[in-house]
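Colleague: Got a structure for you, questions after.
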Amino acid sequence: MADSSASRLAVIHRHLTKDSDEKAGPKVPSSIPKKRQELLRWNGWGYEDSGFVLNNLGTEQNPKYVFTFSGSRYEIASADLPHFYEWAYNTIGIQPSRKKDPQGEPSYPPPIINEGFVSELKNTNITFSFEGMDRLFRAHGHTLHDIALLRGGQFLRIPDVVVWPECHSHVEELITLASKHNVAIVPIGGGTNVTGAVDCKQDERRMIVSLDTSQMNQILWIDDGNLVAHVESGIIGKDLEDRLQTRGYTTGHEPDSYEFSSLGGWVATRASGMKKNRYGNIEDLVVALRAVTPSGEWRSSGTYPRVSTGPDMNHVMIGSEGTLGVVTEVTIKIRPIPPVRKYASFVFPDFDCGVKFMRQVARDRCQPASLRLMDNQQFQFGQALRPSKGPFGLILDGFKNFYLTRLKGLDIDKICVATIVMEGTVKEVAIQEEKLTGIGLEFQGIPAGEHNGKRGYQLTFAIAYIRDIGLDYGVVAESFETSVPWDRVVNVVNNTKSRLEKECSDRKFSHSFISARVTQVYDAGACIYFYFGFNYGTMTMLQAVEVYEELEIIARNEIMASGGSLSHHHGVGKIRKKWLPSILTSNAINVLHSIKSTVDPQNIMAAGNLVFD
Amino acid sequence: MKTLLPKSKHSEEWALYKLGTIRVIGFFLAKLLRNLYQGVAINNCGVLKLSKAMSQGPVLLLPTHRSYADFLLISYLCYSMNIPLPIIAAGMDFKGMKFVNRVLQNAGAFYIRRSFGHDHLYWAVVSQYIQYHIKNFQAPIEFFLEGTRSRNGKSLPPKIGLLSMALEPYFKGDVPDIQICTVSISYERTLEEKLYAWEVLGVPKPRESTSGFLSAVGKIRGQNYGQIYVNVSDPISVRDHINKRNEPNWNTPSFRFTLNEYEKSRIHSLAWSMVSKQQKDAITPISAILMSALSVNKQLTIEQLVQYVVLFNSVLKKYGTPCLVQDETIVQAVKDCLDAHKLIIFPASDESFNLCQPPISEGADIQILAADRLVLQQYTNQILGPLINVAVFSIVEAKGSQESSDIINESLFFAKYFKDEFILITSFTQKDVASFNADASNPMLKNILGVLLQPFLESFYIILHIISMGFSTIKEMQLQYRNTVSAVLAEKASSFPEILAIDKVSRHVLNLVTNGYLRAVKTGNNTSYQQMGDVSPIVFRIECYLDERIKRFMASHQQKIVLMQSHL
Numbered sequence: 156m157a158d159s160s161a162s163r164l165a166v167i168h169r170h171l172t173k174d175s176d177e178k179a180g181p182k183v184p185s186s187i188p189k190k191r192q193e194l195l196r197w198n199g200w201g202y203e204d205s206g207f208v209l210n211n212l213g214t215e216q217n218p219k220y221v222f223t224f225s226g227s228r229y230e231i232a233s234a235d236l237p238h239f240y241e242w243a244y245n246t247i248g249i250q251p252s253r254k255k256d257p258q259g260e261p262s263y264p265p266p267i268i269n270e271g272f273v274s275e276l277k278n279t280n281i282t283f284s285f286e287g288m289d290r291l292f293r294a295h296g297h298t299l300h301d302i303a304l305l306r307g308g309q310f311l312r313i314p315d316v317v318v319w320p321e322c323h324s325h326v327e328e329l330i331t332l333a334s335k336h337n338v339a340i341v342p343i344g345g346g347t348n349v350t351g352a353v354d355c356k357q358d359e360r361r362m363i364v365s366l367d368t369s370q371m372n373q374i375l376w377i378d379d380g381n382l383v384a385h386v387e388s389g390i391i392g393k394d395l396e397d398r399l400q401t402r403g404y405t406t407g408h409e410p411d412s413y414e415f416s417s418l419g420g421w422v423a424t425r426a427s428g429m430k431k432n433r434y435g436n437i438e439d440l441v442v443a444l445r446a447v448t449p450s451g452e453w454r455s456s457g458t459y460p461r462v463s464t465g466p467d468m469n470h471v472m473i474g475s476e477g478t479l480g481v482v483t484e485v486t487i488k489i490r491p492i493p494p495v496r497k498y499a500s501f502v503f504p505d506f507d508c509g510v511k512f513m514r515q516v517a518r519d520r521c522q523p524a525s526l527r528l529m530d531n532q533q534f535q536f537g538q539a540l541r542p543s544k545g546p547f548g549l550i551l552d553g554f555k556n557f558y559l560t561r562l563k564g565l566d567i568d569k570i571c572v573a574t575i576v577m578e579g580t581v582k583e584v585a586i587q588e589e590k591l592t593g594i595g596l597e598f599q600g601i602p603a604g605e606h607n608g609k610r611g612y613q614l615t616f617a618i619a620y621i622r623d624i625g626l627d628y629g630v631v632a633e634s635f636e637t638s639v640p641w642d643r644v645v646n647v648v649n650n651t652k653s654r655l656e657k658e659c660s661d662r663k664f665s666h667s668f669i670s671a672r673v674t675q676v677y678d679a680g681a682c683i684y685f686y687f688g689f690n691y692g693t694m695t696m697l698q699a700v701e702v703y704e705e706l707e708i709i710a711r712n713e714i715m716a717s718g719g720s721l722s723h724h725h726g727v728g729k730i731r732k733k734w735l736p737s738i739l740t741s742n743a744i745n746v747l748h749s750i751k752s753t754v755d756p757q758n759i760m761a762a763g764n765l766v767f768d
Numbered sequence: 090m091k092t093l094l095p096k097s098k099h100s101e102e103w104a105l106y107k108l109g110t111i112r113v114i115g116f117f118l119a120k121l122l123r124n125l126y127q128g129v130a131i132n133n134c135g136v137l138k139l140s141k142a143m144s145q146g147p148v149l150l151l152p153t154h155r156s157y158a159d160f161l162l163i164s165y166l167c168y169s170m171n172i173p174l175p176i177i178a179a180g181m182d183f184k185g186m187k188f189v190n191r192v193l194q195n196a197g198a199f200y201i202r203r204s205f206g207h208d209h210l211y212w213a214v215v216s217q218y219i220q221y222h223i224k225n226f227q228a229p230i231e232f233f234l235e236g237t238r239s240r241n242g243k244s245l246p247p248k249i250g251l252l253s254m255a256l257e258p259y260f261k262g263d264v265p266d267i268q269i270c271t272v273s274i275s276y277e278r279t280l281e282e283k284l285y286a287w288e289v290l291g292v293p294k295p296r297e298s299t300s301g302f303l304s305a306v307g308k309i310r311g312q313n314y315g316q317i318y319v320n321v322s323d324p325i326s327v328r329d330h331i332n333k334r335n336e337p338n339w340n341t342p343s344f345r346f347t348l349n350e351y352e353k354s355r356i357h358s359l360a361w362s363m364v365s366k367q368q369k370d371a372i373t374p375i376s377a378i379l380m381s382a383l384s385v386n387k388q389l390t391i392e393q394l395v396q397y398v399v400l401f402n403s404v405l406k407k408y409g410t411p412c413l414v415q416d417e418t419i420v421q422a423v424k425d426c427l428d429a430h431k432l433i434i435f436p437a438s439d440e441s442f443n444l445c446q447p448p449i450s451e452g453a454d455i456q457i458l459a460a461d462r463l464v465l466q467q468y469t470n471q472i473l474g475p476l477i478n479v480a481v482f483s484i485v486e487a488k489g490s491q492e493s494s495d496i497i498n499e500s501l502f503f504a505k506y507f508k509d510e511f512i513l514i515t516s517f518t519q520k521d522v523a524s525f526n527a528d529a530s531n532p533m534l535k536n537i538l539g540v541l542l543q544p545f546l547e548s549f550y551i552i553l554h555i556i557s558m559g560f561s562t563i564k565e566m567q568l569q570y571r572n573t574v575s576a577v578l579a580e581k582a583s584s585f586p587e588i589l590a591i592d593k594v595s596r597h598v599l600n601l602v603t604n605g606y607l608r609a610v611k612t613g614n615n616t617s618y619q620q621m622g623d624v625s626p627i628v629f630r631i632e633c634y635l636d637e638r639i640k641r642f643m644a645s646h647q648q649k650i651v652l653m654q655s656h657l
């Protein structure tokens, strides 16, 4: 007996040393440092150096306000945004005199220390930190609630320690230690969730370890023959893409957060990328995966294209939201970079026509890599963000306006815009474009050029920064999404907007903004993305957040009553838990619980998402 | 197999809009209205809110139905107020009228059968048609919740079918919301007053025909029908009243949507609250007060009549909607009203008036007497409708119950058995009793309301007697009721010839079904009713409000019947 366990240990040791042998070369560092606060904004979205700024170009008596975008990372930062202030003033009631500055670095609740765990942790090679800002940075995602607490509130419970495992075996070690000392683990990737998924449960009395996967960021191998890559789960989307592109590949997975979110996070939330039409959603991209659960390893049987071996056990981990284990390695499909990427756009007289166009594209199965439909509010918003480059800019705008409204007889307050990304060979793209133009014309669409399409996609990443500037001036805002069968798309949009408009007018908000976008098309339906914000006037920010949450619940109920789903790709986390009992059968809930009690009987993976406490 | 759709050319049933026709109708209608009526009073703010609601989403217009003039009037109002002409669900019987049917159709009416509960295809076609208009909301959808013209001046229990059809798009999620405007139309004098009286006596309704219509127009032309009052309610949002279901329908495509039990029950209660609203919002015509006062006091002077108007108005202010009169012009308004009704209200002298109702005398045709009284009742019911709770309070109090707990107890009884007869009847709370004591202290008022309610109690009493003797179908029941009431009136056991009307029989039977005393058994096209519980406790309770004569008569009548049955 003693003999066999000794030999087992020897094998494990050999494996471990072999592992480190394989990674002979130096590790490629992540583009985001361990101390994220050095590069990223600690109390808002994205890079510290990027964001919207409101400048007064006039004098104090005679002010002239202009928005700009700071930094040099994004296209939008290259010029002033001369039209945006007017939009912000009229639509959402921004008043420069009423700036609300966020609080400084807050005090941190003292950590709960599990002596046994900590002393054994110190004996490992795993780096860790008890520093307040490191802990706070990993105590939240990017819900309005989280950001509001950072800006003007207090997290009552934050992780007690942050650990940075660097490989699969580190994670195994950590989870074994945690099980031994009964310590709670909350895994975190990019921390960009919008569901409260990594927020600490306030009633968790055990020590909470934030397991930061960011140092597990290596591409372990690339298989050119089978077009798959084996990658550690902590890699940030942008790093993955950059490194694959040097080899001539892409994953094609591009969620709006991909600059900051991680591969493991995508798997754990069932993410969706904007080019899923060509490349697939994360569940289509994952060929095999490896994870650590408190009761042992969880992995696929191999990198097979498809198997029929009972229910797909990968799907226990895909969408598990950190409640069952830590995803450590993923084998993901890769594709050669397409030779041509082309943008296009169509203007439709109204949202209905636009949706009919989308529906027809899906019916004919000629979806380009990405296809989105912005409603009028979002169209106007996009227009407000256009730069003006010299006097020519305006003239051109005026001409376009004239063309659309006078010559084509469109109502500028009703039109909506479809933006398109096509990828492939020159020939493929040309065929796609011809087909799409045909369908567009059939539904009264007017081709609106490549430039408009391109700008729509460029803005995607910059728009994520807009909430922070909103909060600076008393506006709370958030987005939420749903998936809907085709025949309910227009209804879900109309009903949800109408419902929120009424709730806003009942509450006598001075300004509110509700907008919807169809962001994904499927054979059987579409994904709809809503933006909703309001000017909270004399309320405090935290009160406004409470009201917002109330309204989001009303909106979600309306969405579901009109035929929409609970979530398309954001996930459940903690904020949508309460609906699960009404959408899952008790049978399904019991199955989830029995999986949990099998892989994690002690509830070490204590993120508390989905149906779990 | 019967034909699924009444005509193969569907276009004959559906609404068409021809602006030319509408202008022509508008012209003639304006002429006709001007010829017949002194004026139409409308609440302007209601109309403005209605037109605003039209811009926000689908709107249902639910008017009261007291006269043919109703939908012509509403279409004409919309036409003149620049609101899209409503799509009107009209009864199939109008379709039989040559030319007129086309005219109505071109003005936005479409024809549906009065009942098509089991004809699924017909139901599907009509609901598609209505829902198409809801979803496209170019125009308000108008139909009559009561299902038919009320022949007795008070609201009828609602029919749920069309309403649930029209609301389905909301529950399905096809539209964010549906707004409902009720429209209460009241007339100082109804065009069909005589006709209704004969209809409720059981004389068959003449088939709608163009010649009948023209001759009717000929007859009424030149007569004075007084004022019309139109009260458009504030739009009511269905979304504010009924939540949509939240639980997703896991595998049901939207086209297979059916309303669930919860939704059906909420639509049912919404329908009831809408008819209650219609009844409560109806502007009381002055004639209703005059006739109520005269039917009890027989002869009154102008001054006395004016006093009654003031008295009733003060109570109606709280429990209904008072007459539209100003203090300065009230005398003139009363005179105008008397003028409109000069066929039944005679000047007894220069200053005092009485009704042309001779007392029940030997040999007079009981039917004619009853018809005259029933015309009168169409007006007095417009007082009793809104003030029913005060009336119940009055008779309970008059019986000697002073304790509020007694009064509340009795009100429960009336609310239960007269719900279908009086839409606004409720059981009382302590607060209600206190407010009746404060608002309805005038003995004359209480006396009048008590007398107006009396014939309804007698009818119910007789119906209960007949039920206790066993019967099968409504038709048989109505026959038996007529025979019994004829005997009652011949023996002078009742002083209310109007109880000869048979329309309330079916309402009471349905109410007793709801309350579990009767059970409906359907065999083919016939519905027969079986007794489930002993009605004698109800008889016992109603008895103490009745006149000795009728009680004595019914007791001996019953003995006779039992004797006859034993002989057989």
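Sequence lines, in order, name chains A and B.
Sequential numbering from 156 applies to the first sequence in our numbering.
Sequential numbering from 90 applies to the second sequence in our numbering.
For glycine and all other residues, C-beta sits at the position ideal for the given N, C-alpha and C.
Note that the coordinates shown come from a computational prediction; the quantities given were computed from them, not determined experimentally.
1. So, at 8 angstroms on beta carbons, what are the nonlocal neighbours of residue 656 of chain A in its own chain, with the 5 sequence-adjacent residues on each side left out?
2. Using the three-state DSSP reduction, which class does residue 531 of chain B fall into: helix, strand or coil?
3. Please compile the residues from chain B whose C-beta is within a distance smaller than 8 angstroms of the C-beta of residue 650 of chain A.
4. Closest Cβ-Cβ distance between residue 654 of chain A and chain B: below 8 angstroms?
5. Assign residue 676 of chain A to one of three DSSP states: helix, strand, or coil.
6. Could you tell me whether any Cβ in chain B is nearer than 8 angstroms to the Cβ of residue 766 of chain A?
7. How would you call residue 581 of chain A, buried or exposed, if buried means at least 16 neighbouring beta carbons within 10 angstroms?
8. Cβ closer than 8 angstroms: which chain A residues qualify as neighbours of residue 345 of chain B?
9. Starting from the N-terminal side, write out each stretch of the alpha helix (DSSP H) that is 4 residues or longer and does not extend beyond the segment 499-548 of chain A.
10. Using the beta-carbon count (16 or more within 10 Å), is residue 136 of chain B buried or exposed?
11. Which stretch, first to last residue, makes up the alpha helix (DSSP H) that contains residue 283 of chain A?
12. Contact criterion: CB-CB distance below 8 angstroms. Does residue 235 of chain A meet it with respect to chain B?
13. According to DSSP, is residue 103 of chain A helix, strand or coil?
14. Smallest Cα separation from residue 383 of chain B: which of B:396, B:325 and B:456?
15. Answer with buried or exposed for residue 643 of chain A, where buried requires no fewer than 16 other C-beta atoms within 10 angstroms of its C-beta.
16. Within 8 angstroms (strictly less), CB to CB, does residue 643 of chain A reach chain B?
17. Would you mind telling me which residues of chain B sit closer than 9 angstroms to residue 646 of chain A, beta carbon to beta carbon, in chain order?
18. Could you give the DSSP three-state label for residue 263 of chain B: helix, strand or coil?
19. When burial is assigned at 16 or more other CB atoms within 10 Å of the CB, is residue 756 of chain A buried or exposed?
20. In chain order, what residues of the same chain lie with their CB nearer than 8 angstroms to the CB of residue 306 of chain A, ignoring the 5 residues before and after it?
21. Counting pairs of Cβ atoms below 8 angstroms between the segment 522-529 of chain A and the segment 419-434 of chain A, do you hit three or more?
22. Going straight from the alpha carbon of residue 462 of chain B to that of residue 434 of chain B, what length do you get?
23. Residues in its own chain within less than 8 angstroms of residue 607 of chain B by CB, not counting five upstream and five downstream?
24. Note down the Cα distance separating residue 340 of chain A from residue 332 of chain A, rounded to an integer number of angstroms.
25. Give the residues from the segment 406-434 of chain B that approach chain A closer than 7 angstroms (Cβ to any Cβ), ordered along the chain.
Modeller: According to the structure data:
1. Closer than 8 angstroms at the Cβ level, and outside the excluded window around residue 656 of chain A, lie 667 and 669.
2. Look at residue 531 of chain B here: in three-state DSSP terms it is coil, with no helix or strand label.
3. The answer, in chain order, is 262, 264 and 265.
4. Chain B, which has a Cβ nearer than 8 angstroms to the Cβ of residue 654 of chain A, makes this yes.
5. The three-state secondary structure of residue 676 of chain A, taken from DSSP, is strand.
6. Answer no: the Cβ-Cβ gap between residue 766 of chain A and chain B never drops below 8 angstroms.
7. By the 10 Å Cβ count, residue 581 of chain A comes out exposed.
8. The premise fails here: residue 345 of chain B is roughly 12 angstroms from chain A at the closest Cβ pair, so nothing lies under 8 angstroms.
9. The segment 499-548 of chain A is shown to contain whole alpha helix (DSSP H) runs of 4 or more residues at 506-518 and 531-539, in chain order.
10. Flag for residue 136 of chain B reads buried.
11. Unbroken run through residue 283 of chain A is the beta strand (DSSP E), 282-284; no alpha helix (DSSP H).
12. Not one chain B Cβ lies under 8 angstroms of residue 235 of chain A.
13. The structure shown does not extend to residue 103 of chain A, since chain A spans only 156 to 768, so no value can be given for it.
14. Residue 383 of chain B has its Cα closest to that of B:396, out of B:396, B:325 and B:456.
15. So residue 643 of chain A ends up on the buried side.
16. Taking CB atoms only, residue 643 of chain A has a neighbour in chain B less than 8 angstroms away.
17. Per Cβ cutoff of 9 angstroms: 261, 262, 263, 264, 265 and 343.
18. Secondary structure of residue 263 of chain B (DSSP, three-state): coil.
19. By the 10 Å Cβ count, residue 756 of chain A comes out exposed.
20. Scanning its chain for C-beta atoms nearer than 8 angstroms, with the 5 sequence neighbours on each side dropped, one finds around residue 306 of chain A the residues 198, 199, 257, 258, 626 and 696, in chain order.
21. Three or more beta-carbon pairs separated by less than 8 angstroms link the segment 522-529 of chain A to the segment 419-434 of chain A, which places the two stretches in contact.
22. One C-alpha to the other measures close to 12 angstroms.
23. The residues are 556, 598, 601, 618, 619, 620 and 621.
24. Each residue's alpha carbon lies about 11 angstroms from the other.
25. Of all residues in the segment 406-434 of chain B, none has a C-beta nearer than 7 angstroms to a C-beta of chain A.
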